[in-house]
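Numbering (mature numbering (1 follows the signal peptide of the UniProt record, and there is no 0)), first residue to last: -18 to -1, 1 to 219. Positions of the beta carbon are idealized from the N, C-alpha and C atoms, including for glycine. For clarity, every value in this text was computed on a predicted model and none was experimentally measured. Written below as structure tokens is the structure these notes are about.
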Ligand SMILES: [Zn+2]
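This is the structure we're talking about:
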């Protein structure tokens, strides 16, 4: 956990845990950022309620449909298919005015699929299916972790894959929602145990099929990667 978040959550008494400056989906599914309502309005953005559900009342999801020269809209730089212009959007440096007509994400070459071994066949097979369903959207795949199986994470058993869908670890994106919902809808063929995206979790043994916005919320773990805003975590049975 980063120090600033530790201090913030300490000050708030651990009740409302803010994920300030992290991604969210604004009105109409536009790229958004969790900022204070003051920051949003002074930056020309529009807020929606409930887009940053773990946050205090004055922190909301802020989006800005038009910025700078046309075409331009505020997006995370990792989701921008063109050049990005600074100082035209509310929030942190990674949220910029994207000068592109492209509305899609990614454009990556095919990532390396882990070999079966430490990474179990069910995970390798699942990763391959996800990559094939979403060409250009997965940049990199992590499977195993150096820890004993049974010590907590399914990565320790080689039965989880992190589908990195932004430019680099720690870079925010909103690319993952479609992938995460696809994983839910293909839970049978993937032998899915659970899936996590954007600080929300879905488990087929506990949860009804629903849009990501209705998935169970998770605590704020303090940064973009730990809150799953740069990758979709998929655990397999
Ligand atoms: Zn993971």
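(message) Beta-carbon distances below 6 Å to any heavy atom of ligand 1 define the shell here; list its residues in chain order, please.
(response) Residues with their Cβ less than 6 Å from any non-hydrogen atom of ligand 1, running along the chain, are 137, 142, 144 and 215.
(request) Determine, using beta carbons only, whether residue 161 and residue 7 come nearer to each other than 9 Å. (result) The residue you call residue 161 lines up with position 179 of the chain shown. The residue you call residue 7 lines up with position 25 of the chain shown. In this structure, residue 161 keeps its C-beta atom at 9 Å or more from the C-beta atom of residue 7.
(message) What does the Cβ neighbour count give for residue 108, buried or exposed, with the cut at 16 atoms within 10 Å?
(response) The count along the chain shown starts at 1 and reaches residue 108 at position 126. Buried, because 16 or more other Cβ atoms sit within 10 Å of the Cβ of residue 108.
(request) Look at the Cβ atom of residue 20, then the Cβ atom of residue 3, and state whether they are nearer than 9 Å. (result) By one-based count along the chain shown, residue 20 stands at place 38. By one-based count along the chain shown, residue 3 stands at place 21. No. Outside cutoff.
(message) Going by beta-carbon coordinates alone, are residue 48 and residue 54 separated by less than 9 Å?
(response) If you number the chain shown from 1, residue 48 lands on position 66. If you number the chain shown from 1, residue 54 lands on position 72. Note that the C-beta distance between residue 48 and residue 54 is below 9 Å.
(message) Looking only at its chain, what residues have a beta carbon closer than 6 Å to the beta carbon of residue 57, apart from the 5 residues adjacent to it on each side?
(response) The residue labelled residue 57 in the question sits at position 75 within the chain shown. Beyond the five residues adjoining it in sequence on each side, residue 57 comes within less than 6 Å, by CB distance, of 13 and 80 in the same chain, given in chain order.
(message) For residue 67 and residue 9, what's the separation of their Cα atoms in angstroms?
(response) By one-based count along the chain shown, residue 67 stands at place 85. By one-based count along the chain shown, residue 9 stands at place 27. So the alpha carbons of these two residues sit roughly 22 Å apart.
(request) In angstroms with no decimal places, state the Cα-to-Cα distance between residue 73 and residue 22. (result) Translated into the one-based positions of the chain shown, residue 73 becomes position 91. Translated into the one-based positions of the chain shown, residue 22 becomes position 40. Whole-angstrom Cα-Cα distance: 8 Å.
(request) Taking only the alpha-carbon atoms, compute the straight-line gap between residue 182 and residue 145 and give it to the nearest angstrom. (result) Residue mapping note: residue 182 aligns to position 200 of the chain shown, counting from 1. Residue mapping note: residue 145 aligns to position 163 of the chain shown, counting from 1. Their backbone Cα atoms lie some 15 Å apart in a straight line.
(request) Would you kindly work out how many angstroms separate the C-alpha atoms of residue 169 and residue 71, rounded to a whole number? (result) Reading the chain shown from its first residue, position 187 is the one you call residue 169. Reading the chain shown from its first residue, position 89 is the one you call residue 71. Straight-line Cα distance between these residues: approximately 38 Å.
(request) Would you please state the rounded distance, in angstroms, between the beta carbons of residue 90 and residue 120? I believe it to be under 8 Å. (result) Against the chain shown, residue 90 aligns to sequence position 108. Against the chain shown, residue 120 aligns to sequence position 138. With a Cβ gap of about 7 Å, residue 90 and residue 120 count as contacting.
(message) Check whether the segment 126 to 145 and the segment 87 to 106 touch, using three or more Cβ-Cβ pairs below 8 Å as the test.
(response) Touching, per the Cβ criterion.
(request) Please state if the CB of residue 1 and the CB of residue 209 are separated by a distance shorter than 9 Å. (result) Taking the chain shown and counting its residues from 1, the one referred to as residue 209 is at position 227. Taking the chain shown and counting its residues from 1, the one referred to as residue 1 is at position 19. The answer is yes: Cβ separation under 9 Å.
(request) Helix, strand or coil for residue 29, going by three-state DSSP, please let me know. (result) In the chain shown, counting from the first residue as 1, residue 29 sits at position 47. If DSSP states are grouped into helix, strand and coil, residue 29 belongs with the strands.
(message) Would residue 83 pass as an interface residue toward chain C - the criterion being a Cβ-Cβ separation below 9 Å?
(response) No chain C appears in the structure shown, which is made up of a single protein chain.
(request) Just grab the DSSP bridge partners of residue 191 for me. (result) Counting from 1 along the chain shown, the entry for residue 191 is found at position 209. Bridge partners of residue 191: none, in fact.
(message) Beta-carbon within less than 8 Å of residue 219's beta-carbon, same chain only, minus the 5 sequence neighbours each way: which residues are those?
(response) The count along the chain shown starts at 1 and reaches residue 219 at position 237. The answer, listed in chain order, is 104, 141, 173, 174 and 175.
(request) Quick one: grab the DSSP three-state call for residue -12. (result) Indexing the chain shown from 1 puts residue -12 at position 7. Confidence is the limiting factor: at residue -12 the pLDDT is only 38, short of 50, which leaves the residue's position unreliable, though a coordinate-based value still follows. The answer is helix: DSSP assigns residue -12 an H, G or I state.
(message) Beta-carbon within less than 6 Å of residue -12's beta-carbon, same chain only, minus the 5 sequence neighbours each way: which residues are those?
(response) Counting from 1 along the chain shown, the entry for residue -12 is found at position 7. For residue -12, the predicted structure reports a pLDDT of 38, less than 50, and the residue's modelled location is therefore unreliable. A value from the coordinates is still provided. A distance below 6 Å between beta-carbons, with the five flanking residues on each side excluded, links residue -12 to no residue of its chain.
(message) Give the list of continuous beta strand (DSSP E) stretches no shorter than 3 residues that lie fully inside the segment 115 to 203.
(response) For the beta strand (DSSP E) assignment, the uninterrupted runs of no fewer than 3 residues enclosed by the segment 115 to 203 are, from N- to C-terminal side, 122 to 124, 142 to 146, 174 to 179 and 182 to 184.
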